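There are 2 protein chains.
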Amino acid sequence: MHKILFIKKKSRNSIPLAIKMSRGIAEWRPELCVGETSGSSCNLSVGLKKLSMDAAVAAGARTLILGLANSGGIISKSWIPYIIEALGKGMDVACGLHQKLSDIPEVRRAAEKFGSKLHDVRHYESDLQTGKGFQRSGRRLLTVGTDCSVGKVYTSLAIEKEMKTRGVDADYRATGQTGLMIAGSGICIDAIAADFIAGAVEQLTPDNKDDHWDIIEGQGSLFNPSFAGVSAGLLHGAQPDLLIMCHEAGRKKIKDLSHYNIPSLEQCIDLNLRMASLTNPNVKLAGISLNCRMIGKQEGLKEMAKLEKEFSVPCFDPMITGTASLVESLPAA
Amino acid sequence: MHKILFIKKKSRNSIPLAIKMSRGIAEWRPELCVGETSGSSCNLSVGLKKLSMDAAVAAGARTLILGLANSGGIISKSWIPYIIEALGKGMDVACGLHQKLSDIPEVRRAAEKFGSKLHDVRHYESDLQTGKGFQRSGRRLLTVGTDCSVGKVYTSLAIEKEMKTRGVDADYRATGQTGLMIAGSGICIDAIAADFIAGAVEQLTPDNKDDHWDIIEGQGSLFNPSFAGVSAGLLHGAQPDLLIMCHEAGRKKIKDLSHYNIPSLEQCIDLNLRMASLTNPNVKLAGISLNCRMIGKQEGLKEMAKLEKEFSVPCFDPMITGTASLVESLPAA
């Protein structure tokens with residue numbers, strides 16, 4: 158088994174969301190994780206055992222994952238000594254940022270010297286085509302959101318798991334670095350050339366059996382002024398039959414852009430359905446995934462009941478209620 | 158003066174639209190163009206003198222531009238001998254495709270050997286930031302469209318020219334390879350990493366004087382299933398005060414995707430305004446640019462009169478009526 162050690166370093170934006178990548182892997186692939194390590198000024202944790210590099214290697218760690226994501230996707234200079242130390246101890250290093258490990262000369266040289274591998278998972282190396290928009294066989298569900306980091310990865314994985322438990326033929330399709338490291342494959346669509354967004358998603362979710370479900374991880378939000386282009390292209394390439402709207406209860410402002418308000422669920426659902434209908438005129442809203450991290454279980458259950466009534470679809474928090482109510486409501490699943 | 162020779166080669170999609178890049182440069186930068194050359198099976202022309210490579214060099218050509226664009230952005234193998242011949246005769250070679258000249262080993266070697274330069278203008282080499290959505294000073298007009306290749310570059314350049322003639326402080330901002338080669342600067346936003354679409358446009362059209370106009374070249378269409386992601390990010394990053402809707406009269410189907418219909422002008426204007434309002438709530442439709450290539454002048458004038466009445470904004474074909482009616486209608490211009 159390929160054991161993993163996480164590194165987290167305090168950054169200017171070191172809110173809990175900043176470690177969503179390491180937390181995602183720790184949650185969904187616990188059997189692969191041996192521990193975490195971080196700079197002395199960092200008090201964030203994914204709840205794994207804190208280990209030194211030597212202790213991690215002794216415990217079987219073979220890959221160091223840079224567990225922090227940031228908007229610009231830059232590898233901080235302060236991480237480089239840790240990266241080189243890990244390479245020197247025989248570990249591979251994996252990174253999900255826009256900047257490539259292999260573009261940093263001293264890191265590349267260290268990897269060559271110690272015979273360790275660099276995994277720049279954000280970068281897709283094969284050829285891509287532009288989107289064609291042809292109807293594909295099989296069924297597709299896409300998680301969309303009112304913002305980034307509202308729970309699209311978690312929701313998608315929880316739906317896939319619930320479907321599989323019930324014997325439904327389903328595959329999670331990763332479109333970002335966290336999902337890709339969990340699933341072991343995928344395409345980080347925010348890092349490919351903009352012309353190929355829709356085409357890459359078509360390639361990621363090709364024709365399939367009529368009763369097969371692709372559960373496609375969404376990205377960003379049509380209402381996020383940084384990333385709506387990615388969301389729009391993904392919506393067209395995914396050609397979803399069903400949308401799940403993901404929202405964090407209580408979040409008022411767009412992540413990292415507090416001069417933008419979170420849209421109303423109604424606005425956001427409406428615009429997503431309208432845009433998605435270009436490549437699948439039969440697209441429907443199937444449910445609302447409400448991340449109740451900030452409001453807690455009691456308040457969350459009330460809010461979910463209210464939204465179910467308002468939108469006439471199942472509303473769930475995968476961490477509180479699970480996704481059974483949604484999966485049971487799907488006709489073909 | 159840096160003289161240019163064009164090359165065009167017949168491709169599977171060799172409809173006239175395929176040479177819109179060379180045609181655009183020939184139209185807007187005639188003083189730079191010495192002639193055109195093409196494979197023997199190609200009967201497309203931008204109307205320049207047909208010259209052999211030797212004759213072009215004798216006439217002062219210092220750059221060969223690959224004048225053909227295609228959806229996938231691939232450099233055809235059949236062009237390589239021409240490219241190497243041009244390099245051998247001392248010309249630089251410029252390419253606006255996704256694939257880089259410098260990634261083709263024999264081309265790179267030939268450029269090194271002969272001391273000529275390769276210009277991969279589609280690729281932006283400096284650092285980019287994600288979009289921030291802050292209000293910027295100065296005024297911005299963006300051309301959007303019902304599809305690709307309906308006349309957004311031409312419309313934008315014609316508006317800039319008309320404004321300058323009237324003493325308005327205006328700059329054309331190129332977002333694609335044709336515009337970039339005409340303007341001499343710009344960012345090809347369809348080739349940058351998808352996360353940075355809006356941010357690149359923010360960088361391309363920064364704060365400016367209050368009475369300055371950026372005339373921003375649009376890309377694709379929100380209704381083109383291949384490229385709507387690029388269009389959406391551009392719309393947000395441009396933060397336009399005014400939109401010009403560009404449309405080709407008589408076009409029924411999306412370019413290269415005949416299984417998709419061209420949207421109605423009403424649908425297309427409505428969705429563009431709605432999406433654009435995220436970063437500029439005061440955005441307005443300022444005019445309709447109607448490309449009358451297929452229906453001709455007489456029919457075109459009738460159609461323009463009809464659309465002016467229907468949408469209560471100036472409707473013009475920059476090639477038939479010019480853009481004066483539009484520019485006169487702008488309050489601050």
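Chains A and B are the protein sequences, given in the same order. Quick note: the first sequence uses this note's numbering, first residue 158, plus one each step. Quick note: the second sequence uses this note's numbering, first residue 158, plus one each step. For glycine and all other residues, C-beta sits at the position ideal for the given N, C-alpha and C. As the structure is a computational prediction, the values presented were derived from the model and not from experiment.
Query raised in the report: Rounded to a whole number of angstroms, what is the C-alpha to C-alpha distance between Glu317(A) and Ala433(A)?
Result: In the first sequence, counting from the first residue as 1, residue 317(A) sits at position 160. In the first sequence, counting from the first residue as 1, residue 433(A) sits at position 276. Each residue's Cα considered, the two are about 21 Å apart.
Report task. Compare the C-alpha of Thr480(A) against each of Ile445(A), Glu460(A), Lys466(A) and name the closest. Result -> Taking the first sequence and counting its residues from 1, the one referred to as residue 480(A) is at position 323. Comparing Cα positions, the closest option is Ile445(A).
Query raised in the report: How many Å lie between Pro363(B) and Gly356(A) at the Cα?
Result: In the second sequence, the residue the question calls residue 363(B) occupies position 206. In the first sequence, the residue the question calls residue 356(A) occupies position 199. Cα to Cα, the separation comes out at about 31 Å.
Query raised in the report: What did DSSP end up calling Gly192(B) once you bin it into helix, strand or coil?
Result: One-based indexing of the second sequence puts residue 192(B) at position 35. DSSP places Gly192(B) in strand when its eight states are reduced to three.
Query raised in the report: Based on Cα-Cα distance, which residue from Phe291(A), Glu456(A), Ser383(A), Thr312(A) lies nearest to His393(A)?
Result: Looking up residue 393(A) in the first sequence gives position 236. If we check each option's Cα against that of His393(A), Phe291(A) comes out closest.
Query raised in the report: Along the region 271-290 of chain A, what residues have a CB closer than 7 Å to any CB found in chain B?
Result: Gln286, Thr287, Gly288, Lys289, Gly290
Query raised in the report: If we cut at 8 Å on Cβ distances, does Ser233(B) have a partner in chain A?
Result: In the second sequence, counting from the first residue as 1, residue 233(B) sits at position 76. Chain A contact via Cβ: absent.
Requested in this report: Take every Cβ of the region 319-332 of chain A, pair it with every Cβ of the region 454-472 of chain A, and state whether three or more of those distances are shorter than 8 Å.
Outcome: no
Report task. Report all residues from its chain with a CB closer than 7 Å to the CB of Lys165(B); omit the five preceding and five following residues, and keep chain order. Result -> One-based indexing of the second sequence puts residue 165(B) at position 8. With a pLDDT of only 49 at Lys165(B), under the threshold of 50, the placement of this residue in the model should not be trusted, and no figure is reported.
Query - Entirely enclosed alpha helix (DSSP H) segments - the region 302-344 of chain A, minimum 4 residues - result: 309-322, 334-340
Report task. Under the assumption that Val203(B) contacts Ala183(B) (Cβ atoms under 8 Å), give the Cβ distance between them as a whole number of angstroms. Result -> As a working mapping, residue 203(B) is identified with position 46 in the second sequence. As a working mapping, residue 183(B) is identified with position 26 in the second sequence. About 4 Å separates the two Cβ atoms, so the contact holds.
Requested in this report: Just the C-alpha distance for Gly302(B) and Ser378(B), rounded to the nearest angstrom, thanks.
Outcome: Taking the first residue of the second sequence as 1, we reach residue 302(B) at position 145. Taking the first residue of the second sequence as 1, we reach residue 378(B) at position 221. Spanning the two alpha carbons is a distance of roughly 5 Å.
**Report entry** Uninterrupted alpha helix (DSSP H) stretches inside the region 217-242 of chain B (no shorter than 4 residues)
**Finding:** none
Query raised in the report: Can you tell me the Cα-Cα spacing of Ile241(A) and Thr220(A), whole angstroms?
Result: Locating residue 241(A) in the first sequence gives position 84, counting from the first residue. Locating residue 220(A) in the first sequence gives position 63, counting from the first residue. One C-alpha to the other measures close to 12 Å.
**Report entry** Inter-residue spacing [alpha-carbon to alpha-carbon] between Ala340(B) and Gly253(B)
**Finding:** Within the second sequence, residue 340(B) is the residue found at index 183, counting from 1. Within the second sequence, residue 253(B) is the residue found at index 96, counting from 1. Ala340(B) and Gly253(B): Cα-Cα distance of roughly 14 Å.
Query raised in the report: In or out: Ile354(A) buried (at least 16 other Cβ within 10 Å) or exposed?
Result: Translated into positions along the first sequence, residue 354(A) becomes position 197. When all chains shown are included, Ile354(A) counts as buried.
Query raised in the report: Under a CB-based cut-off of 8 Å, is Val556(B) close to chain A?
Result: This structure leaves residue 556(B) out entirely; chain B is present only between 158 and 490.
Query raised in the report: Taking just the CA atoms, how far does Val307(A) sit from Ile477(A)?
Result: If you number the first sequence from 1, residue 477(A) lands on position 320. If you number the first sequence from 1, residue 307(A) lands on position 150. Taking the straight line from one Cα to the other gives about 15 Å.
Requested in this report: Please name the residues in the region 429-448 of chain B whose beta-carbon is closer than 8 Å to at least one beta-carbon of chain E, in chain order.
Outcome: Here the protein chains are A and B, and chain E is not one of them.
Query raised in the report: Within 8 Å (strictly less), CB to CB, does Asp352(B) reach chain A?
Result: Here residue 352(B) refers to the residue found at position 195 when the second sequence is read from its first residue. Chain A contact via Cβ: present.
**Report entry** Cβ shell of Asn381(B) (< 8 Å), same chain only, five flanking positions each side left out
**Finding:** In the second sequence, residue 381(B) corresponds to position 224, counting from 1. If we look at Asn381(B) and ignore the five residues flanking it on each side, its Cβ neighbours are Asp304, Cys305, Ser388, Ile411, Lys412, Leu414, Tyr417.
Report task. Check distances from the C-beta atoms of the region 390-405 of chain B to those of chain A and list, in chain order, the residues that come in under 7 Å. Result -> Gly390, His393
Requested in this report: Go through its chain and collect everything with a Cβ distance to Ile172(B)'s Cβ below 6 Å, but skip five positions before and after it.
Outcome: Along the second sequence, read from residue 1 onward, the residue named residue 172(B) stands at position 15. Here Ile172(B) scores only 36 on pLDDT, less than 50, and its place in the model should not be relied on; the value that follows carries that caveat. The answer is none, since no qualifying residue turns up.
Report task. Kindly give me the distance between the Cβ atoms of Ser313(A) and Glu374(A), rounded to whole angstroms, as I take these residues to be in contact under 8 Å. Result -> The residue you call residue 313(A) lines up with position 156 of the first sequence. The residue you call residue 374(A) lines up with position 217 of the first sequence. Going by Cβ atoms, the distance from Ser313(A) to Glu374(A) rounds to 5 Å, so yes, they are a contact pair.
Query raised in the report: Going by the beta-carbon positions, is the gap between Ile232(A) and Leu258(A) smaller than 8 Å?
Result: Mapped onto the first sequence, residue 232(A) falls at position 75. Mapped onto the first sequence, residue 258(A) falls at position 101. A contact, by the Cβ cut-off of 8 Å.
Query raised in the report: Starting from His276(B) and walking both ways along the beta strand (DSSP E), at which residues does that stretch end?
Result: Locating residue 276(B) in the second sequence gives position 119, where the first residue counts as 1. That run of the beta strand (DSSP E) goes 275-277.
Requested in this report: Please determine, among Lys309(B), His280(B), Lys234(B), Ser235(B), the residue with the shortest C-alpha to C-alpha distance to Ala251(B).
Outcome: For the purposes of this step, residue 251(B) is taken as residue 94 along the second sequence, with counting starting at 1. Checking every option, the nearest Cα to that of Ala251(B) belongs to His280(B).
Requested in this report: Would you kindly check if the distance between the Cβ of Pro475(B) and the Cβ of Asn491(B) is under 8 Å?
Outcome: There is simply no residue 491(B) to check, as chain B begins at 158 and stops at 490 in what is shown.
**Report entry** Best match in Leu435(A), Gly453(A), Glu423(A), Cys449(A) for proximity to Glu467(A) [C-alpha to C-alpha]
**Finding:** Translated into the one-based positions of the first sequence, residue 467(A) becomes position 310. Glu467(A) has its Cα closest to that of Glu423(A), out of Leu435(A), Gly453(A), Glu423(A), Cys449(A).
Requested in this report: May I have the straight-line CA-CA distance separating Gly343(B) from Lys234(B), to the nearest angstrom?
Outcome: Taking the first residue of the second sequence as 1, we reach residue 343(B) at position 186. Taking the first residue of the second sequence as 1, we reach residue 234(B) at position 77. Whole-angstrom Cα-Cα distance: 28 Å.
Report task. Verify whether the separation of the beta carbon atoms of Ala348(B) and Ala385(A) is less than 8 Å. Result -> Within the second sequence, the letter at position 191 stands for residue 348(B). Within the first sequence, the letter at position 228 stands for residue 385(A). Taking 8 Å as the Cβ cut-off, Ala348(B) and Ala385(A) do not qualify as a contacting pair.
Query raised in the report: Closest by CA to Asp284(B), which one among Gln360(B), Thr300(B), His255(B)?
Result: Taking the second sequence and counting its residues from 1, one reaches residue 284(B) at position 127. The shortest C-alpha separation from Asp284(B) is found at Gln360(B).
Query raised in the report: Would you say Ser383(B) faces chain A, with C-beta separation under 8 Å as the test?
Result: The sequence position of residue 383(B) within the second sequence is 226, counting from 1. By this cut-off, Ser383(B) is an interface position.
Report task. For my contact list, Val358(B) and Ile346(B) are in at a C-beta cut-off of 8 Å; report their separation, rounded to the angstrom. Result -> Here residue 358(B) is taken as the residue at index 201 of the second sequence, counted from 1. Here residue 346(B) is taken as the residue at index 189 of the second sequence, counted from 1. Val358(B) to Ile346(B), Cβ: 6 Å. Contact.
Query - Residues that Ile344(B) contacts on chain A, provided the C-beta gap is smaller than 8 Å - result: Counting from one through the second sequence, the residue named residue 344(B) turns up at place 187. In chain order: nothing, as chain A lies at least about 11 Å away.
Query raised in the report: In this structure, does DSSP put Glu405(A) in helix, strand or coil?
Result: Translated into positions along the first sequence, residue 405(A) becomes position 248. In this structure, Glu405(A) counts as strand in the three-state DSSP scheme.
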